[in-house]
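> Sequence positions in the sequence shown follow my numbering and run 678 to 970. Even for Gly, the Cβ is constructed at its ideal location relative to N, Cα and C. Predicted model, so just to flag it, every value in this text is computed and none were measured.
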Amino acid sequence: MTAPRQQIVLHSLIAKDAPMAIDLKIARDLGYDGIEISAAKMRAFLAAGWTEADLAERLRPFYLPGTGFLMDIERHGPNEAALMREAEELFHLARVAGARGVQLITGPIPLAAARAHAEGRPIEGYAGVLGLPRAEQLAITARNLAKLADMAAAEGLVLYLEALGWCPLNTVSDQLELIGRAARDNLKMVVDFWHCHVSGDTPERISRIDSRLIYGVHVCDSLRHDGGLPDEAVLRDVPTGSGVLALQDWVDAVKATGYVGWWSGELFCRRQHQDDSFRVAAEIKALLEKLVL
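(1) With a floor of 3 residues, list each beta strand (DSSP E) that falls wholly inside the region 726-795, ordered by position along the chain.
(2) Just tell me which of Leu968, Ala730, Ile786 has its CA closest to the CA of Val928.
(3) Do the CB positions of Ile800 and Ala816 come within less than 7 Å of each other?
(4) So Asp851 is in the alpha helix (DSSP H); what residue range does that whole segment cover?
(5) Residues in the same chain with beta-carbon distance under 6 Å from Asp926, minus the five sequence neighbours each way, listed in chain order, please.
(6) Using three-state DSSP, classify Trp843 as helix, strand or coil.
(7) How many Å lie between Val894 and Ala717 at the Cα?
(8) Taking 7 Å as the limit between beta carbons, can you name the residues of its chain near Gly743, skipping five residues before and five after?
(9) Should Ile691 be labelled buried (16 or more other beta-carbon atoms within 10 Å of its own) or exposed?
(10) Take Cys946 and list the residues in its own chain whose beta-carbon comes closer than 8 Å to its own, dropping the five residues that flank it on each side.
(11) Say whether the region 844-863 touches the region 821-828, bearing in mind that this needs 3 or more beta-carbon pairs closer than 8 Å, one atom from each stretch.
(12) If you measure between the beta carbons of Ile685 and Trp940, is that distance less than 7 Å?
(13) Are Val931 and Ile856 close, meaning C-beta to C-beta below 7 Å?
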């Protein structure tokens, strides 16, 4: 039996605007260990006339630790039914693709909602659990996580939670409390350096996570954040390794937990999205190998 080892996987955002076929070629040609594959790209493949059997055949040679994402997982009341329908569709897609996990993210995703709430203005559109007492935020979100985890278990999937840095319940401690309350073996978290950083968490805090609860790691960077609600489009528009995060400290903190698994280079740099994706992916792979291996 092969011993567990650290794995460097391609994140589909490296070639953000390219089709799935290009992601597969990048991963294969550059020797990535796998792909954290985009559900949106898989849907586009199917929408173009390819079949689910075609999708499964294309992806069969690749290790796919996860796909995503399922958004606004705290939806409740009249919004809950739509969440469960979307989950059912995404879990089916993940199973067809051969992905082992599905990423969950909190909401509301638009920063404008969080800003309106912080400034005491009415929120236009979806509000999630903004404005509710913390106890209700936890109860609603944990209940949904348990339901979603049960649905995913029926498909043989792991769910991995990522709390957005401008949304409620965004710290590592918040996420661990949610996972504990949901109490499902197939519910874990992804350590995303940027979201942790802007939520006030540090490498020291990361080093104290139970490694059994870490499903994967997003290695990413940030421009300087001086507090307040973080603007992802602005702060993440930087090449990984050129920002303010001491990436080796963050990587070492994850490794200090005893975690062994996959590491994905998530990229939001607009300039690099318009560059040669093969070259950018090669540079990120080399950086992650230097940091992790």
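According to the data block:
(1) 743-747, 778-782
(2) The residue you call residue 928 lines up with position 251 of the sequence shown. For the residues Leu968, Ala730, Ile786, the minimum Cα distance to Val928 belongs to Leu968.
(3) Taking the sequence shown and counting its residues from 1, the one referred to as residue 800 is at position 123. Taking the sequence shown and counting its residues from 1, the one referred to as residue 816 is at position 139. Going by C-beta atoms, Ile800 is not nearer than 7 Å to Ala816.
(4) Counted from its first residue, the sequence shown places residue 851 at position 174. Here the alpha helix (DSSP H) through Asp851 covers 849-859.
(5) What you label residue 926 is simply residue 249 of the sequence shown in a count that begins at 1. Result list for Asp926: Pro880, in chain order.
(6) Numbered from 1 along the sequence shown, position 166 holds the residue referred to as residue 843. Correct three-state label for Trp843: coil.
(7) One-based indexing of the sequence shown puts residue 894 at position 217. One-based indexing of the sequence shown puts residue 717 at position 40. Near 21 Å, if we compare the C-alpha coordinates of Ala717 and Val894.
(8) Taking the first residue of the sequence shown as 1, we reach residue 743 at position 66. Counting only Cβ-Cβ distances below 7 Å, and skipping sequence neighbours, we find Glu713, Ala776, Arg777, Gly778, Val779, Gln780, Tyr837, Gly893.
(9) Looking up residue 691 in the sequence shown gives position 14. Counting of Cβ neighbours within 10 angstroms places Ile691 among the buried residues, the total reaching 16 or more.
(10) Residue mapping note: residue 946 aligns to position 269 of the sequence shown, counting from 1. Cβ within range, chain order: Arg913, Asp914, Val915, Pro916, Thr917.
(11) yes
(12) Indexing the sequence shown from 1 puts residue 685 at position 8. Indexing the sequence shown from 1 puts residue 940 at position 263. A contact, by the Cβ cut-off of 7 Å.
(13) The sequence position of residue 931 within the sequence shown is 254, counting from 1. The sequence position of residue 856 within the sequence shown is 179, counting from 1. No.
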